[in-house]
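Novice: Sharing a structure with you now.
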Amino acid sequence: MDERSASGRTPLLLHACCGPCSLEPVRLLREEGFEPTICWVNPNIQPVAEHDLRLRVLRDWAARVAHVDVIVGADDRDGWERLVAPAAFDRGRRCRACYALRLAETCRIARARGFSHVSTTLAVSPYQLFDACEDALVTLARAQGLHAVWRDVRDRYPDAVRGARELGMYRQSYCGCRFSAAEAARERHEARDARRAAKAAARAGRVLTEAGPSRLVTGT
Ligand code: SF4
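Sequence positions in the sequence shown follow our numbering and run 112 to 331.
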């Protein structure tokens with residue numbers, strides 16, 4: 112592939128984890144002079160129906176709004192179970208292996224299709240392990256003779272959320288794998304319990320205030 116596309120921009124293969132997380136990276140990469148083609152490689156997303164829904168949302172936005180091509184890579188679920196799932200709830204180890212699996216396939220496709228630059232939308236999410244993800248992208252790109260385009264765009268996450276809302280895009284409540292779904296559910300429960308405890312404490316405080324300080328002195 113030529114270093115310059117017909118648009119005069121530099122072609123870049125952009126691994127995308129979902130539609131909402133693609134909004135800002137595509138916009139910012141274009142501003143920087145790149146022309147992204149999206150690469151979908153996400154065998155981590157479970158169940159398969161959720162994977163298909165996220166892919167459908169991404170494709171719809173890419174075709175109707177962003178006018179960006181989408182390449183769908185291998186859905187290597189056996190590989191994910193073999194190389195990632197054994198780490199289970201060890202999040203650091205699990206996510207590192209997950210990034211490596213997805214970005215290795217993205218870099219392989221980039222090389223095979225003649226791209227010289229690669230990136231990933233994972234850089235926009237404050238929920239990802241930023242340094243581990245950068246490390247995986249840079250290492251795997253270098254191994255394929257590619258340039259990794261890695262920018263810290265986490266401050267654009269609120270814009271991505273707002274943009275996705277305005278477009279009526281489906282937004283998931285967990286990263287992708289079954290372990291992240293369980294972790295997200297636990298965090299939601301913990302947050303709900305904390306809210307309830309705070310409300311109960313506030314109610315109790317109101318009752319004590321209304322009762323007045325003299326009533327609080329007992330046993331004298
Ligand atoms: S939390 Fe996300 S990045 Fe980490 S293993 Fe699960 S799907 Fe992959």
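Quick reminder that beta carbons are idealized off the backbone N, C-alpha and C, glycines included.
1) How would you call R205, buried or exposed, if buried means at least 16 neighbouring beta carbons within 10 angstroms?
2) Suppose you measure from the CA of A174 to the CA of G144; what does that come to, to the nearest Å?
3) Only counting the same chain, and skipping five residues up and downstream in sequence, which positions put a Cβ closer than 6 Å to that of V168?
4) Hey, is C155 close to the ligand SF4, as in C-beta under 6 Å from one of its heavy atoms?
5) Could you name the residues that DSSP lists as bridge partners for V183?
6) Name the two residues that bound the continuous alpha helix (DSSP H) containing L166.
7) With a threshold of 6 Å (Cβ to nearest heavy atom), would I205 be considered close to the ligand SF4?
8) Within the present structure, is the beta-carbon of G190 separated from the nearest heavy atom of the ligand SF4 by less than 6 Å?
9) CB-CB under 6 Å to A221, same chain, minus the five flanking residues each way: which ones, in chain order?
10) Alpha carbon to alpha carbon, how far is S284 from T320?
11) For the 8 Å Cβ check, are there 3 or more pairs between the region 186-194 and the region 136-143?
12) For C244, is the beta carbon positioned less than 6 Å from some heavy atom of the ligand SF4?
13) So, is L327 buried or exposed, given that buried needs 16 or more other C-beta atoms within 10 angstroms?
14) I want to check one thing, is the minimum distance from the CB of G287 to the heavy atoms of the ligand SF4 below 6 Å?
15) Which first and last residues belong to the alpha helix (DSSP H) in which P402 is found?
16) Buried or exposed, going by whether 16 or more other CB atoms sit within 10 Å of the CB of S118?
17) Tell me the DSSP secondary structure of L257 in three-state form.
18) Three-state secondary structure (DSSP) at F145?
19) I'd like to know whether the C-beta atoms of A259 and V272 end up nearer to each other than 7 Å.
20) Is S291 near the ligand SF4, in the sense that its beta carbon is under 6 Å from a heavy atom of that ligand?
21) Please state whether the Cβ-Cβ distance between L214 and A247 is less than 7 Å.
22) Return yes when at least one heavy atom of the ligand SF4 lies under 6 Å from the C-beta of C209, else no.
Specialist: Taking the definition as stated:
1) buried
2) 20 Å
3) G130, M280, Y281
4) According to the sequence shown, residue 155 is Asn rather than Cys. N155: yes, Cβ under 6 Å from the ligand SF4.
5) W151
6) 159-172
7) The question names Ile, but residue 205 in the sequence shown is Arg. Yes; taking the cut-off as 6 Å, the Cβ of R205 has a heavy atom of the ligand SF4 nearer than that.
8) no
9) L124, V229, L257
10) 40 Å
11) no
12) no
13) Because the pLDDT at L327 is just 44, under 50, the model does not fix this residue reliably, and the value given afterwards should be weighed accordingly. Looking at its Cβ environment, which holds fewer than 16 other Cβ atoms inside 10 Å, L327 is exposed.
14) yes
15) The requested residue 402 is not part of the displayed model; the chain covers only 112 to 331.
16) exposed
17) coil
18) strand
19) no
20) yes
21) yes
22) yes
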